[in-house]
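> One structure coming up, written as structure tokens, with questions to follow.
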Amino acid sequence: MSMWQIEGLIEYGIRLVDKAVTTNEEKKTIIGNLYAVQQQYDCKFTNFRVMPILLQTGYTITIDYTAHPDYKGNEAYFEKLLKKKDIQFLNRDLKKKWSEKNDVVAYLEPSTGKIYIDYGSPLRKEEPALTIMEIYDLGLYLIREAHQQQDRDRVYEWTAYILKFGAISLDDDADAEELISRYFKEIKSIFYSYDYTDYKPVDEALTIFWPGSKDSDGYTEWAISEGGAEGQVLEYFFEKIA
14 MSMWQIEGLI
24 EYGIRLVDKA
34 VTTNEEKKTI
44 IGNLYAVQQQ
54 YDCKFTNFRV
64 MPILLQTGYT
74 ITIDYTAHPD
84 YKGNEAYFEK
94 LLKKKDIQFL
104 NRDLKKKWSE
114 KNDVVAYLEP
124 STGKIYIDYG
134 SPLRKEEPAL
144 TIMEIYDLGL
154 YLIREAHQQQ
164 DRDRVYEWTA
174 YILKFGAISL
184 DDDADAEELI
194 SRYFKEIKSI
204 FYSYDYTDYK
214 PVDEALTIFW
224 PGSKDSDGYT
234 EWAISEGGAE
244 GQVLEYFFEK
254 IA
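Under my numbering, the first residue of the sequence shown carries the number 14, and numbering increases by one thereafter.
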């Protein structure tokens, strides 16, 4: 079963970005980073849930299948794909199986004959490569934007995500004081500006459990007891604001 909660996190993150007052260039970068997060998990292909946004921002562009740079010499291959019902993924080398060196660079919609090419694809050679952000930078960006839009659900979900999953990216020598100063002081301030008394998280994976709460999954208590940067950050986050 796919991780639907992560799919939803990314989808609504993109909808949040769509409403942001910023350039399409910045939106493309944030959207690209959101999909980079999604790719780390067992998720379905969800781009068409927000395709109008992807096209409007320029994150995704379309070309006719005959405009594919390798169309000539592969006409029969494309004609075969057009007879399919579902979206067809196109690898760097069309006729070879997917691998880390032969990954997906575009996808074909058989019913329309359109090829969709996302930002960062090698088929978009004239554009700069996607800049991958640190997860805490991405999380803070989205929490700030959610706060700007007064979207308490997105504030909660992204706070929950980086509290639980952000530590995956931490080095062994990560400094808690630096993390708190750069990220969590502001995140904590934003988070506690909302009342979550009646809030119902979408799933346990995106639930913030206070230390010692009866429904706790034990992660918070374990991380704090282990110490280190992750534990110190969690301890700071759960300290009451005066």
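We treat Cβ as the ideally placed atom computed from N, Cα and C, and that holds for glycine.
On the criterion of 16 or more Cβ atoms from any shown chain inside 10 Å, does K41 qualify as buried, or is it exposed?
What you label residue 41 is simply residue 28 of the sequence shown in a count that begins at 1. K41 is buried by the Cβ-count criterion.
> I need the boundaries of the alpha helix (DSSP H) containing Y215, first residue and last residue.
Taking the sequence shown and counting its residues from 1, the one referred to as residue 215 is at position 202. Before going further, note that residue 215 is Val rather than Tyr in the sequence given. Premise fails: V215 is in no alpha helix (DSSP H) and is neither H nor E.
> G152 and A189 - do their beta-carbons sit closer together than 9 Å?
Stepping through the sequence shown from its first residue, residue 189 is reached at position 176. Stepping through the sequence shown from its first residue, residue 152 is reached at position 139. Cβ distance not < 9 Å, so A189 and G152 don't count as in contact.
> Helix, strand or coil for E20? Go by DSSP, reduced to three states.
Start at 1 with the first residue of the sequence shown, and residue 20 comes out as number 7. Of the three classes helix, strand and coil, the one that applies to E20 here is helix, per DSSP.
> Going along the chain, which unbroken runs of the beta strand (DSSP E) with 3 or more residues stay wholly within the stretch 118 to 189?
Here the runs fully enclosed are 127 to 131.
> Would you mind stating whether N104 and K110 have Cβ atoms separated by less than 9 Å?
Translated into positions along the sequence shown, residue 104 becomes position 91. Translated into positions along the sequence shown, residue 110 becomes position 97. Cβ distance < 9 Å, so N104 and K110 count as in contact.
> Measuring alpha carbon to alpha carbon, tell me which of F204, E199, I193 and I130 ends up nearest I74.
For the purposes of this step, residue 74 is taken as residue 61 along the sequence shown, with counting starting at 1. Cα-wise, what sits closest to I74 is I130.
> To the nearest angstrom, how far is the alpha carbon of G21 from that of D216?
The residue you call residue 21 lines up with position 8 of the sequence shown. The residue you call residue 216 lines up with position 203 of the sequence shown. Approximately 11 Å between the Cα atoms of the pair.
> Could you tell me which residues DSSP puts in a beta bridge with S112?
One-based indexing of the sequence shown puts residue 112 at position 99. In DSSP, S112 forms a bridge with N115.
> Taking the alpha-carbon positions, what's the I23 to M146 distance?
Position 10 of the sequence shown, counted from the start, is the residue given in the question as residue 23. Position 133 of the sequence shown, counted from the start, is the residue given in the question as residue 146. The straight-line gap from Cα to Cα measures roughly 15 Å.
> For A187, which residues from the same chain have a beta carbon less than 6 Å from its beta carbon, with the 5 sequence-adjacent residues on both sides left out?
As a position in the sequence shown, residue 187 is number 174, starting the count at 1. Cβ within range, chain order: A242.
> Identify which residue in P135, A180 and Y232 has its Cα closest to the Cα of Y149.
Along the sequence shown, read from residue 1 onward, the residue named residue 149 stands at position 136. Nearest of P135, A180 and Y232 to Y149, Cα basis: A180.
> Just confirm the distance between the C-beta atoms of Q18 and A218, as a whole number of angstroms; I'd bet it's less than 8 Å.
Taking the sequence shown and counting its residues from 1, one reaches residue 18 at position 5. Taking the sequence shown and counting its residues from 1, one reaches residue 218 at position 205. Correct: roughly 5 Å between the Cβ atoms.
> Identify, in the order they occur along the chain, each residue of the same chain with its Cβ nearer than 7 Å to the Cβ of A142, setting aside the five sequence neighbours on each side.
Counted from its first residue, the sequence shown places residue 142 at position 129. If the five residues before and after A142 are omitted, its C-beta is found closer than 7 Å to the C-beta atoms of G133, all from its own chain and listed in chain order.
> Below 8 Å, is the gap between the Cβ of E199 and the nearest heavy atom of the ligand NAD?
Ligands displayed in this structure: none; no statement on the ligand NAD is therefore possible.
> I believe Q162 touches L29 by the beta-carbon criterion, under 8 Å. Please report the beta-carbon distance rounded to the nearest angstrom.
Within the sequence shown, numbered from 1, the residue matching residue 162 stands at position 149. Within the sequence shown, numbered from 1, the residue matching residue 29 stands at position 16. Rounded to whole angstroms, the Cβ separation of Q162 and L29 is 7 Å, and the two are in contact under 8 Å.
> From this set, D211, Y48, L136 and F204, which residue's C-alpha is nearest E158's C-alpha?
Along the sequence shown, one-based indexing puts residue 158 at 145. It is F204 whose Cα lies nearest to the Cα of E158.
> Looking at the structure shown, is L103 part of a helix, part of a strand, or coil, going by DSSP?
Here residue 103 corresponds to residue number 90 of the sequence shown, with the count starting at 1. Residue state, collapsed to three classes: strand.
> Run through the DSSP bridge pairs and tell me what I76 is partnered with.
Looking up residue 76 in the sequence shown gives position 63. Paired residues: I128.
> Are the Cβ atoms of L136 and L94 separated by less than 9 Å?
Along the sequence shown, read from residue 1 onward, the residue named residue 136 stands at position 123. Along the sequence shown, read from residue 1 onward, the residue named residue 94 stands at position 81. No, the pair does not count as a contact, with Cβ atoms beyond the cut-off.
> Name the residue from K198, D55, Q69 and V50 whose alpha carbon lies nearest to the alpha carbon of T36.
For the purposes of this step, residue 36 is taken as the residue at position 23 of the sequence shown. Ranking the options by Cα distance to T36, first place goes to Q69.
> Report yes if the C-beta distance between I221 and Y154 is below 9 Å; otherwise report no.
The residue labelled residue 221 in the question sits at position 208 within the sequence shown. The residue labelled residue 154 in the question sits at position 141 within the sequence shown. Cβ atoms of I221 and Y154: not closer than 9 Å.
> Are E113 and I156 closer than 9 Å when you measure CB to CB?
Within the sequence shown, residue 113 is the residue found at index 100, counting from 1. Within the sequence shown, residue 156 is the residue found at index 143, counting from 1. Contact: no.
> Quick one, which of V63, G26 and D77 has its alpha-carbon nearest V50's?
Sequence index remark: in the sequence shown, residue 50 carries index 37 (1-based). Out of V63, G26 and D77, G26 has the C-alpha closest to the C-alpha of V50.
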